[in-house]
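K.L.:
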Amino acid sequence: MLLIRNGRILDPYTNTDAALDILIEDDGRICALGPALDAPTGCETLDATGLTVSPGFVDGHVHFRDPGQTEKEDVLTGAAAAAAGGYATVICMANTLPTCDTPEIIRYVTGKAAGCPVEVLQAGAVTRGLKGQELTDFAALKAAGAPCLTDDGINLTSAGLCRAAMEQAAKLGILLSFHEEDPSLVPSPGVNFGSAAAAHFGVPGARASAETAMIARDIALALDTGARVLFQHVSSAQSVTLIRAGKALGAKIYAEVTPHHLSLTEDDVLTHGTYARMNPPLRGENDRQALIEALADGTIDMIATDHAPHTAAEKAREFAKAPSGITGLETAFSVCNTYLVRTGRLTPMQLIEKMSKTPADIYGLTGRAIAVGNYARLTLLDWDSRVVYEHYRSKAVNTPYTGRPLTGAPRATVTGARVTRGKE
Numbered sequence: 137m138l139l140i141r142n143g144r145i146l147d148p149y150t151n152t153d154a155a156l157d158i159l160i161e162d163d164g165r166i167c168a169l170g171p172a173l174d175a176p177t178g179c180e181t182l183d184a185t186g187l188t189v190s191p192g193f194v195d196g197h198v199h200f201r202d203p204g205q206t207e208k209e210d211v212l213t214g215a216a217a218a219a220a221g222g223y224a225t226v227i228c229m230a231n232t233l234p235t236c237d238t239p240e241i242i243r244y245v246t247g248k249a250a251g252c253p254v255e256v257l258q259a260g261a262v263t264r265g266l267k268g269q270e271l272t273d274f275a276a277l278k279a280a281g282a283p284c285l286t287d288d289g290i291n292l293t294s295a296g297l298c299r300a301a302m303e304q305a306a307k308l309g310i311l312l313s314f315h316e317e318d319p320s321l322v323p324s325p326g327v328n329f330g331s332a333a334a335a336h337f338g339v340p341g342a343r344a345s346a347e348t349a350m351i352a353r354d355i356a357l358a359l360d361t362g363a364r365v366l367f368q369h370v371s372s373a374q375s376v377t378l379i380r381a382g383k384a385l386g387a388k389i390y391a392e393v394t395p396h397h398l399s400l401t402e403d404d405v406l407t408h409g410t411y412a413r414m415n416p417p418l419r420g421e422n423d424r425q426a427l428i429e430a431l432a433d434g435t436i437d438m439i440a441t442d443h444a445p446h447t448a449a450e451k452a453r454e455f456a457k458a459p460s461g462i463t464g465l466e467t468a469f470s471v472c473n474t475y476l477v478r479t480g481r482l483t484p485m486q487l488i489e490k491m492s493k494t495p496a497d498i499y500g501l502t503g504r505a506i507a508v509g510n511y512a513r514l515t516l517l518d519w520d521s522r523v524v525y526e527h528y529r530s531k532a533v534n535t536p537y538t539g540r541p542l543t544g545a546p547r548a549t550v551t552g553a554r555v556t557r558g559k560e
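Following this line, the structure appears as structure tokens:
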């Protein structure tokens, strides 16, 4: 058994904000909640003095590069990074090698993750080989455990194929998760079009209209088909306006935003180079402010890291030839607390909701409240300490937050009666 003592529970499922102990049975289920609980004989105790205890975070958008590119990350190291970051559940994208377009690959990933300290779910692909030509077997991928279908990293350019995917997904009750960037409007990826950083690195950049054009199209298709559609890593103020309008029209649409789009702008690319190169790119300060406002008012539903590990050698290439993406699982809470809670834009309860309850609800993950009878998936959070990240449990270090002073950190993740220590 495990007794978590002296913590303050913050639970957006029940709106609980109270000092309560939590007793967890050996089978991992919560068996008691209350002030000053007695520890049964032989019970392990975890002192949460000065910390909040909240539902474990859920990240709907990570890349563990397994199978196929395990020199960058694998299921085991990715799960270790997730646990260190306060995550209880992560959803891996389908752009593996080979593509996760069959039930066998989904079972490979979830099987490898069986002993991990976090729950690892594997998304299936929308099209075979991510080629945008032939739809996968949606029913088979769902039956194998895929929580959503996505060709993440690649835009579904054909409107006809996208509509067919939505029709089938609506019939089967499957969530579609879309990377929205029209490739014809991306002269070069990774940096905002026309920015000083683009000029500095000698590339044209990616237009914001590449994202908004696809979001506008897919809102129309979602309205037409009734499909549930998630827009990944939204980056621009115009996209926010479209999503707000689409929701008002009744479209079953959702949106995620990353910690880096909430905290950095195109100017940071000048400082961090390829370690701030990503798709979609960091945009202007007006876009960043619009994303924060949209997250606060519910237009954007949740925070997802888009954890994208690459080797140091790859990121050392010249800007135009380096891969896009940064890691994010271990630093996400610290970044969001620093730029959202400490600045007064979100309350602690709102941030927890955006990182736990809302993504769980969208992906249909149940039993996540801190309640007797539920399996324990918890994160213990320090909101006030100054932290600096220098070392990581991920294989990769491609993040602009290394050495950057931040405030607050996950101190432990509890899954069942298993405790994984976070940032020291």
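So that you can map any letter, position 104 of the sequence shown is 240 in this note's numbering, and since no number is skipped, the others follow by simple counting.
Glycine is no exception: its CB is placed at the ideal position from the N, C-alpha and C atoms.
None of the values given here were measured: they were computed from a predicted structure.
1. On the CB-based measure, 16 or more other CB atoms within 10 Å of its CB, does His336 come out buried or exposed?
2. Candidates Ser399, Cys252, Lys278: which alpha carbon is nearest Ile242's?
3. Have a look at Ala215, Gly221, Ala306 and flag the residue whose alpha-carbon is nearest the alpha-carbon of Leu588.
4. Hey, how far is the Cα of Asp403 from the Cα of Arg424?
5. Assuming Pro484 is part of the alpha helix (DSSP H), what are its boundary residues?
6. Does the stretch 162-170 come close enough to the stretch 432-440 that 3 or more CB-CB pairs lie under 8 Å?
7. Can Met229 and Ala553 be called in contact, C-beta distance under 8 Å?
8. Could you tell me if Gly178 is buried or exposed, where buried requires 16 or more neighbouring beta carbons within 10 angstroms of its beta carbon?
9. To which residues does DSSP link Ser190 through a beta bridge?
10. Where do the N-terminal and C-terminal ends of the alpha helix (DSSP H) with Thr152 fall, by residue?
11. Say whether the stretch 456-472 touches the stretch 513-528, bearing in mind that this needs 3 or more beta-carbon pairs closer than 8 Å, one atom from each stretch.
12. Determine the burial state of Val405: buried for a count of at least 16 other Cβ atoms within 10 Å of its Cβ, exposed for fewer.
13. State the Cα-Cα distance for the pair Glu180 and Ala154, rounded to the nearest angstrom.
14. Which runs of the alpha helix (DSSP H) spanning at least 4 residues fall entirely within the stretch 262-310, listed in chain order?
15. My understanding is that Asn415 touches Glu317, with C-beta atoms under 8 Å, so please give their C-beta distance in whole angstroms.
16. Lys493: buried (16+ other C-beta within 10 angstroms of its C-beta) or exposed?
17. Please report how far the alpha carbon of Arg478 lies from the alpha carbon of Thr272, in whole angstroms.
18. To the nearest angstrom, how far is it from the Cα of Ser375 to the Cα of Leu139?
19. Specify, as a first and last residue, the run of the alpha helix (DSSP H) that Thr474 falls within.
20. If we ignore side chains and look at the alpha-carbon of each, how far apart do Gly509 and Thr549 end up?
21. Would you decide whether Thr515 is buried or exposed? Buried here means 16 or more other CB atoms lie within 10 Å of its CB.
22. Using beta-carbon positions only, say whether Ser372 and Thr401 come within less than 8 Å of one another.
23. Measuring CB to CB, does Ile439 end up less than 8 Å from Leu146?
24. Quick check: Thr238 and Gly281, are their CB atoms within less than 8 Å of each other?
25. What residues in its chain sit with their C-beta under 8 Å from that of Pro536, if we drop five residues either side in the sequence?
26. Leaving aside the five residues before and after Val262 along the sequence, list all residues of the same chain whose C-beta is less than 6 Å from its C-beta, in chain order.
27. Pull the bridge partners of His446 from the DSSP assignment, please.
28. So the candidates are Ala219, Asp202, Tyr475, Ala295; which of them puts its Cα closest to the Cα of Gln258?
29. Three-state secondary structure (DSSP) at Tyr244?
30. Grouping DSSP H, G and I as helix and E and B as strand, with all else coil, what is Met491?
31. Can you find a CB in chain C that lies within less than 8 Å of the CB of Glu255?
32. Taking Asn473 as the reference, give the member of Ser460, Met350, Met491, Thr377 with the closest Cα.
33. Would Pro325 be called buried (16 or more neighbouring beta carbons within 10 Å of its own) or exposed?
34. How many angstroms separate the CA atom of Ala249 from the CA atom of Gly338?
35. Within 10 angstroms of the Cβ of Asp442, are there 16 or more other Cβ atoms? Answer buried if so, exposed if not.
36. Nearest-angstrom Cα distance between Glu209 and Ala444?
P.N.:
Working from what's here:
1. The residue given as residue 336 occupies position 200 in the sequence shown. His336 should be labelled exposed.
2. Translated into the one-based positions of the sequence shown, residue 242 becomes position 106. Nearest of Ser399, Cys252, Lys278 to Ile242, Cα basis: Lys278.
3. Given a span of 137 to 560 for the chain in the structure shown, any question on residue 588 remains unanswerable.
4. Within the sequence shown, numbered from 1, the residue matching residue 403 stands at position 267. Within the sequence shown, numbered from 1, the residue matching residue 424 stands at position 288. Separation of Asp403 and Arg424 (C-alpha to C-alpha, rounded to the nearest whole angstrom) is 12 Å.
5. For the purposes of this step, residue 484 is taken as the residue at position 348 of the sequence shown. 484-488 is the span of the alpha helix (DSSP H), which, as asked, contains Pro484.
6. Taking 8 Å as the limit for Cβ pairs, the verdict is that the stretch 162-170 does not touch the stretch 432-440.
7. Residue 229 sits at position 93 when you count from the first residue of the sequence shown. Residue 553 sits at position 417 when you count from the first residue of the sequence shown. Annotated as distal: Met229 and Ala553, with beta-carbon spacing of 8 Å or more.
8. Counting from 1 along the sequence shown, the entry for residue 178 is found at position 42. Burial call: exposed.
9. By one-based count along the sequence shown, residue 190 stands at place 54. For Ser190, the pairing in a beta bridge is given by DSSP as Thr515.
10. On the sequence shown, residue 152 is found 16 positions in, with the first residue counted as 1. No alpha helix (DSSP H) contains Thr152, which is instead part of the beta strand (DSSP E) from 152-155.
11. Judged by Cβ distances under 8 Å, the stretch 456-472 makes contact with the stretch 513-528, as three or more pairs qualify.
12. The count along the sequence shown starts at 1 and reaches residue 405 at position 269. By the Cβ-count criterion, Val405 is buried, with 16 or more other Cβ atoms from all chains shown falling within 10 Å of its own Cβ.
13. Along the sequence shown, one-based indexing puts residue 180 at 44. Along the sequence shown, one-based indexing puts residue 154 at 18. Roughly 22 Å separates the two Cα atoms.
14. Counting only runs of 4 or more, we get 274-279, 295-308.
15. For the purposes of this step, residue 415 is taken as residue 279 along the sequence shown, with counting starting at 1. For the purposes of this step, residue 317 is taken as residue 181 along the sequence shown, with counting starting at 1. With 8 Å as the limit, Asn415 and Glu317 qualify as a contact, their Cβ atoms being about 6 Å apart.
16. For the purposes of this step, residue 493 is taken as residue 357 along the sequence shown, with counting starting at 1. Buried, because 16 or more other Cβ atoms sit within 10 Å of the Cβ of Lys493.
17. Here residue 478 refers to the residue found at position 342 when the sequence shown is read from its first residue. Here residue 272 refers to the residue found at position 136 when the sequence shown is read from its first residue. Linking Arg478 to Thr272 through their CA atoms gives a straight-line distance of about 44 Å.
18. The count along the sequence shown starts at 1 and reaches residue 375 at position 239. The count along the sequence shown starts at 1 and reaches residue 139 at position 3. Near 45 Å, if we compare the C-alpha coordinates of Leu139 and Ser375.
19. Start at 1 with the first residue of the sequence shown, and residue 474 comes out as number 338. Neither: Thr474 is in no alpha helix (DSSP H) and is coded neither H nor E.
20. Counting from one through the sequence shown, the residue named residue 509 turns up at place 373. Counting from one through the sequence shown, the residue named residue 549 turns up at place 413. Using only the alpha carbons, I get a separation of about 19 Å.
21. The sequence position of residue 515 within the sequence shown is 379, counting from 1. With 16 or more other Cβ atoms within 10 Å, it is buried.
22. Taking the sequence shown and counting its residues from 1, one reaches residue 372 at position 236. Taking the sequence shown and counting its residues from 1, one reaches residue 401 at position 265. The Cβ-Cβ distance between Ser372 and Thr401 does not fall below 8 Å.
23. What you label residue 439 is simply residue 303 of the sequence shown in a count that begins at 1. What you label residue 146 is simply residue 10 of the sequence shown in a count that begins at 1. Remark: C-beta atoms of Ile439 and Leu146 do not approach each other more closely than 8 Å.
24. Within the sequence shown, numbered from 1, the residue matching residue 238 stands at position 102. Within the sequence shown, numbered from 1, the residue matching residue 281 stands at position 145. Cβ distance not < 8 Å, so Thr238 and Gly281 don't count as in contact.
25. On the sequence shown, position 400 is the one that residue 536 refers to. Closer than 8 Å at the Cβ level, and outside the excluded window around Pro536, lie His396, Leu400, Asp404, Thr407, His408, Tyr411, Ala412, Ile462.
26. Taking the first residue of the sequence shown as position 1, residue 262 is located at position 126. Around Val262: Leu285, Asp287, Ala301.
27. For this step, residue 446 is matched to residue 310 along the sequence shown. Answer is none; His446 lacks a bridge partner.
28. The count along the sequence shown starts at 1 and reaches residue 258 at position 122. Closest option to Gln258, Cα to Cα, is Asp202.
29. Residue mapping note: residue 244 aligns to position 108 of the sequence shown, counting from 1. Judged by DSSP in its simplified three-state form, Tyr244 adopts helix.
30. Taking the first residue of the sequence shown as 1, we reach residue 491 at position 355. Correct three-state label for Met491: helix.
31. Considering every chain present, this structure includes no chain C. It has just one protein chain.
32. Working through the sequence shown from its first residue, we reach residue 473 at position 337. When only C-alpha atoms are compared, the closest one is Met491.
33. Sequence index remark: in the sequence shown, residue 325 carries index 189 (1-based). Buried.
34. For this step, residue 249 is matched to residue 113 along the sequence shown. For this step, residue 338 is matched to residue 202 along the sequence shown. Between the C-alpha atoms of Ala249 and Gly338 there is a straight-line separation of about 42 Å.
35. Translated into positions along the sequence shown, residue 442 becomes position 306. Classification for Asp442: buried.
36. One-based indexing of the sequence shown puts residue 209 at position 73. One-based indexing of the sequence shown puts residue 444 at position 308. Cα to Cα, Glu209 sits roughly 9 Å from Ala444.
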